[in-house]
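Those protein sequence lines, which keep their order, are chains A and B.
Note that this note's numbering numbers the first sequence so that position 28 is 28, with each residue one more than the last.
Note that this note's numbering numbers the second sequence so that position 52 is 52, with each residue one more than the last.
Positions of the beta carbon are idealized from the N, C-alpha and C atoms, including for glycine.
Keep in mind it's a predicted model, so treat the numbers as computed, not measured.
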Amino acid sequence: MKPFVPYRLRLLLILLACFLALPSLSAQSAKLTVFDSLSQLEARINQAGNATIVVNFWATWCKPCIEELPSFEELRSRYANQNVQVILVSLDFKSHIEKKLIPFLKLQKLQSEVILLADQDANSWIPRVFEAWDGAIPATLVVKGPKRVFNFGQFNAYSDLESFVRPFIADSSTTISTQHMLDFGTGK
Amino acid sequence: MKTLAFSVLAGFLFFAFSSAVTPNGYGVGDVAQDFSLKNVDGKMVSLSNYKDVKGYIVVFTCNHCPYAQLYEQRIIDLHRKYKDKGFPVIAINPNSPDIVPEDSFAEMQNRARQKRYPFAYLFDEKQTVFPQFGATRTPHVFVLDANLIVRYIGAIDDNPESPNSIKNRYVESAVESMLRGDNPTPDFTRAVGCTIKKKP
């Protein structure tokens, strides 16, 4: 677009833009992005292509949410190589980013992607996530392509979260194992 | 082909069984059932105890939830503004103190005393009333008319964080509509809140 800007300067500008896009958060913990509209989150989910996206709605003030965060971290680390992406969508107030959210992220050393959703029109954006959801958190949305399932409330244990998400991850392997079974059945 | 059919079937079964449970309870137009719950003053309270009212502002709220705390003053203000117009606030704590100790009956009494609650603050100790209503979060408001018909369900207003930036005062406008003899619009809203803590 700007052919006369030297390559290195362009790189520098891109890097600078990336830094400006993020609130001041050190690289040691999670990446934090602020979205003012649900449309931005929808775009983030849509760009994931065929990945399994696990979107957890939480906030630093929500005790059951904080209790289940380690399960999402574990899911992320166990399934990162199986095209699973975990997005922790914080519903903290924007005015609490510096005071509460960032210190929390640093303390907990969260590795998953963190997005603060500051869409003010809750009555409109909540049903766009999932029609039957009324806004109570925690809540979790799993998306893969056109498919989505929603969990109201907290997962009691990591295993509950894993079994909720696994059908999405096993999608292709289920087909493969069925093929094996059929092959086995024909006596091949 | 068989594989494809199996995948489709598996996908269908998966969705059939995994579709999340939709909370039940009252919808707008349903008739609410009266209840009898213990107030912070130790007396049992029912909706039928209120004489000469035009309706009720039933608010599921609690001590511990930061959203409930943000709305605490606004709930007090609602009662002060509408009690004499025939719409008292009746607050109900639906949470199990086994899960949230701050929401015990003794803590409810402390909070009601400290903040001088001008309304009844009832304890849904057996956790039977909130499922009847279909309350899922705190705060969660149900505005009823004198015949206990549910006329509005949802949030108090559209800005929990800053009362000065509110654009829509949902409960106030619902009550004002009912005072004029109109139907509230909107009659259903959603908002972020704390899940109700149910004893397993």
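CB contact below 9 Å: residue i versus chain B
i: I169(A); result: no
i: S159(A); result: no
i: I66(A); result: no
i: P103(A); result: no
i: F72(A); result: no
i: S95(A); result: yes
i: Q120(A); result: yes
i: G153(A); result: yes
i: I137(A); result: yes
i: I216(A); result: For residue 216(A) there is no data in the structure shown, the boundaries of chain A being 1 and 188.
i: A80(A); result: no
i: A51(A); result: no
i: N123(A); result: yes
Per DSSP, cross-strand counterpart(s) of residue i
i: D187(B); result: Answer by DSSP bridge pairing: none, since D187(B) is not bridged.
i: C194(B); result: I137(A), T138(B)
i: M178(B); result: Beta-bridge pairing links M178(B) to no other residue.
i: G55(B); result: D145(B)
i: I87(A); result: V55(A), E113(A)
i: T33(A); result: I115(A)
i: G154(B); result: V141(B)
i: A91(B); result: V59(B), Y121(B)
i: M44(B); result: K38(B)
Residue i classed as buried or exposed, judged by whether at least 16 other C-beta atoms fall within 10 angstroms
i: E67(A); result: exposed
i: P202(A); result: Since the first residue of chain A shown is 1 and the last is 188, residue 202(A) is not available in this structure.
i: S39(A); result: exposed
i: V59(B); result: buried
i: N159(B); result: buried
i: P70(A); result: exposed
Min CB distance residue i to chain C below 9 Å
i: K99(A); result: In the structure shown, chain C does not exist; the protein chains are A and B.
Nearest-angstrom Cα separation, counted from residue j out to residue i
i: F164(A); j: K63(A); result: 21 Å
i: I75(B); j: D157(B); result: 11 Å
i: Y152(B); j: D84(B); result: 20 Å
i: N151(A); j: R113(B); result: 37 Å
i: G86(B); j: G55(B); result: 6 Å
i: V141(B); j: N123(A); result: 14 Å
i: I92(B); j: L117(A); result: 30 Å
i: V54(A); j: I169(A); result: 11 Å
i: E73(A); j: D103(B); result: 30 Å
i: D187(B); j: L110(A); result: 40 Å
i: V21(B); j: V129(A); result: Because the pLDDT at V21(B) is just 36, under 50, the model does not fix this residue reliably, and the point stays unresolved.
i: V45(B); j: L101(A); result: 41 Å
i: N24(B); j: R169(B); result: 25 Å
i: A174(B); j: R180(B); result: 10 Å
i: P200(B); j: F123(B); result: 18 Å
i: P97(B); j: G49(A); result: 44 Å
i: K94(A); j: C62(B); result: 24 Å
i: C194(B); j: E131(A); result: 18 Å
i: D41(B); j: F130(B); result: 21 Å
Beta carbon proximity, residue i to chain A, threshold 9 Å
i: D158(B); result: yes
i: T22(B); result: Confidence at T22(B) is low in this model, with a pLDDT of 40, below 50, so its placement is unreliable and the value that follows should be read with caution. Chain A contact via Cβ: present.
i: Y72(B); result: At residue 72(B) the sequence reads Glu, which differs from the Tyr that was named. No, E72(B) lies away from the interface with chain A (no Cβ there is under 9 Å from its Cβ).
i: G11(B); result: Caution applies to G11(B), whose pLDDT of 43 falls short of 50 and renders its modelled position unreliable; the value that the coordinates give is listed next. Yes, G11(B) lies at the interface with chain A (some Cβ there is under 9 Å from its Cβ).
Taking only beta carbons into account, state which residues of the region 176-199 of chain B come closer than 7 Å to chain A, listed in chain order. T189, R190, A191, V192, G193, C194, T195
Contact residues within the region 119-140 of chain B, judged by C-beta distance below 7 Å to chain A: Cβ contacts with chain A come from T136, R137.
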